[in-house]
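These notes are about the structure you will find just below.
Chains as they are written, first to last, in my numbering: chain A, 1 to 110; chain B, 1001 to 1838.
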């Protein structure tokens, strides 16, 4: 039986709230940025939107993993889930990020 | 007292002191320097406790002691002192560094000793020295004036009066005069605005009027943009933290936790969440930057200006000596006669303000005439002329005159800017015959345009015969006869083109503010391949409204023929348009602009008043040096911002999770002492952040303090930390069924790991370690801190702090969890920087 069962509900609310808060902030910042660049940038494609929000999908996936694995008290599930997400995030980082200065330079230019 | 009586009183003579006597007087009276307002070590140490955070900590220690928690109270006090000593060490060293750097900027005085006029360091001036002063000089000591010519001095430094005071060498016959009434005295620190003079030094150093009141003359410079930003940020952070801490206390007591425990926990959380190391990090960054800049020949007089220096996006500079070599050479001379008339050179030497001695000093064009004269043996040809009087140069007339006698005939020789001299000429001299100037006006205009267009500078020479009288003045400069022109050149510096290209690449818009005509400035720009978008003349600026000026400064590359006041207008307009403006100048007329600019830049060879007004002094008048300095400033800014972003995001994340945990847990998530210790360890791990490597792209363009960006960053990255804190709570409670001490130990380690290691992700936009390597000291100290934090629960100190050893399985989960956290933050970072520009 899970220790401190009376705290589980409160804990799940807290961790869910923090993940949803982060998602909401991301959407707000994204929309705000779209609003500011409305006249100069073309509409984002669905695929681009999905890619841009990769970390949010990872975050929500992790949230599910954390709640389920901790609810079950399963450190194996927790560990293996983490490893899978880490592999996906590493792949994303390598594939989708400018590794060299000039490309970031372009982003930073006034 | 007659002027010359001063010699007797001070046991000196018109020929000045002997070197031996001067040395003896240094021993007797000391060096001519003020007792610098040095900050003692005890003051620096005391300053470490004068902040709200220390107040909270001390209050916390007192409260803990009052409620019998003696051990906790001692521990808190020990941490306060340890933190204070760290801050003290860095701040005191920074004070010493700045002092040493300031001393390397020399201030000179022209003295006469043993009959020879020479330039010496102002600190070597002694009572009895005979000192000469010229336009732009700062009086090196208090002096009784023995000789002066239209001498006007700005005594604002002593009196606050901005209008210049006329000086005289006459006796005043006043009983007990106040310093303001002593118009035959020149006081240390006052600035010569007009004319010249000679005086006998009466008192030096702290015995001067300036010295006696210098303690109350603390430099009150306005805050830099960066200081304002940091202050605003600190205030925002502290007030938010305080509000949340009060909230934690109220909630904790409301759910039934003991009041004392809740109070101590709230106070510790407050301390743990405020980035109290920020002032120290900024000081370390700035002092390290100042040391690096000094190696690159850039002396930082005002540490806090470094960050604004890096953020300059509009650099206003004079043309001479910056874009050009600054060494003016007399290239040629030209007269209306068919054959070149050497009298032009004679008159150029006779109407000359340069001080000749072992070394020729003074106005560069006058120096150039002397150098030419000596090189060609012409100076011997003027021996038959006897000087009679002089009407000195000033910036309004842009000319000077001398009256000389030869074979009983008095001649007024006038030399100055062609437009100024021509406006006073009625005749022109061609082949020894004088005719109306109107008949040759077109020829003169065409020739001047030709020289100006080719980048040459000209001085007109005119003369007239005058009658004998006691004194001559500007009123005598009329109905002159034009003799000809002296042609000077100041060719562009070899490395200026490359330096301008480098500055442009760095996002710095170079604007030339010159008193010269536009043709010279345009020619220099062509030579240096500076694209000229628009040339704005001083006469045009006068006609413009303030909104038109604001538009003109955006488009203008060259601002020609402008007055010192117009330089100020250009800088003000650029600042009003939101630019961070650097101004580089070296003349007395540049001092107001140096004050007005965000960063005033001068050079070691500049007049004292300019060096005094500047924030940054270049030991080499070279734009390449400037570009190096700007790059260094950007690195310092980047590293300071890293600390701010990192501490803000971690602190806010922890704040939310601590607040929630303290409410729903049956025990405190971390003991106050544990929070304090973690905070201390975290602060120590950040001490090497100022030495971190900065990615190249961060120094490519000027960046600005943006509180909105910090807010967005906090809002976005803070919840990552909270999420993983909550996750740790879940693991500790529901997987390990942790007791209070195991829970606290687990959260301590996780919180510390994530808080410290996230710097490797946040410090760069690139892929951490792969395409951006952190500084070696940062890596070493951060990993050492992580290692220390990891073994802490297994040590005696860990026992003392209430930690206990953690289950082995936890470490496996922790490694996986922290790795996911760092990767998730990194992925979030990609998203964030795509939508939020900084």
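Glycine residues also receive a C-beta, built at the ideal position from the N, C-alpha and C atoms.
- For residue 73/A, the nearest beta carbon of chain B is closer than 7 Å to its own beta carbon.
- In the displayed model, residue 14/A falls within a helix according to three-state DSSP.
- Annotation for residue 1539/B: 1561 place their beta carbon closer than 8 Å to its own, counting only its chain and skipping 5 residues before and after.
- If the five residues before and after residue 1732/B are omitted, its C-beta is found closer than 6 Å to the C-beta atoms of 1738, 1743 and 1746, all from its own chain and listed in chain order.
- Within the model, the alpha-carbon separation for residue 1611/B versus residue 1604/B is close to 7 Å.
- Counting of Cβ neighbours within 10 angstroms places residue 1811/B among the exposed residues, the total staying below 16.
- With a contact defined as Cβ atoms closer than 8 Å, residue 1689/B and residue 1281/B qualify at about 6 Å.
- Residue 1613/B and residue 1007/B have their C-alpha atoms roughly 34 Å apart.
- Taking each of 1699/B, 1529/B, 1662/B and 1705/B in turn and checking the Cα distance to residue 1255/B, the smallest one comes out for 1662/B.
- Residue 1435/B: member of the beta strand (DSSP E) spanning 1433 to 1436, first to last residue.
- Listed by position along chain B, the residues whose Cβ is nearer than 9 Å to that of residue 29/A are 1712, 1715, 1716, 1831, 1832, 1835 and 1836.
- With a threshold of 16 other beta carbon atoms within 10 Å, residue 1534/B falls short and is exposed.
- Flagged as an interface residue toward chain A: residue 1735/B, by a C-beta distance shorter than 7 Å.
- Taking C-beta separations shorter than 6 Å and ignoring five residues to either side along the sequence, the partners of residue 1385/B in its chain run 1350, 1404 and 1406, following chain order.
- In this structure the region 1288 to 1299 of chain B does not touch the region 1592 to 1599 of chain B; the number of beta carbon pairs closer than 8 Å is below three.
- Per DSSP, residue 1334/B lies in no alpha helix (DSSP H); the unbroken beta strand (DSSP E) holding it starts and ends at 1329 to 1335.
- Pairing residue 1339/B with residue 1459/B, the inter-Cα distance amounts to about 19 Å.
- With respect to chain B, the C-beta atom of residue 25/A has a partner C-beta closer than 7 Å.
- Listed in chain order, the positions of the region 1809 to 1824 of chain B with a beta carbon within less than 8 Å of a beta carbon of chain A are 1809, 1812, 1813, 1816, 1817, 1819, 1820, 1823 and 1824.
- When 7 Å is used as the limit between beta carbons, residue 78/A is near these residues of chain B: 1813, in chain order.
- The region 1507 to 1518 of chain B makes contact with the region 1311 to 1322 of chain B; the number of CB pairs closer than 8 Å reaches 3 or more.
- Scanning chain A for C-beta atoms nearer than 7 Å to the C-beta of residue 1826/B yields 93, reported in chain order.
- Collapsing the DSSP output to three states places residue 1112/B in a strand.
- What residue 1660/B touches in chain A, judged by beta-carbon distance under 7 Å, is 14, going in chain order.
- A distance below 8 Å between beta-carbons, with the five flanking residues on each side excluded, links residue 1357/B to the following residues of its chain, in chain order: 1116, 1117 and 1118.
- With respect to residue 1481/B, residue 1434/B sits close: the two C-beta atoms are nearer than 7 Å.
- Ranked by Cα distance from residue 1381/B, the first of 1827/B, 1346/B and 1410/B is 1346/B.
- For residue 1774/B, not one C-beta of chain A is nearer than 7 Å to its own C-beta.
- For residue 11/A, the closest Cβ of chain B is nearer than 7 Å.
- Bounds of the alpha helix (DSSP H) holding residue 82/A are 75 to 96.
- Nothing from the region 1470 to 1499 of chain B brings a Cβ to less than 7 Å from some Cβ of chain A.
- Assignment of beta-bridge partners to residue 1154/B by DSSP yields 1191/B.
- Residue state for residue 1414/B is assigned as strand, using DSSP reduced to three classes.
- Annotated three-state conformation of residue 1670/B is coil, per DSSP.
- Closest in alpha carbon position to residue 1062/B, among 1421/B, 1372/B, 1267/B and 1135/B, is 1267/B.
- Here residue 1427/B is bridged, per DSSP, to 1436/B and 1481/B.
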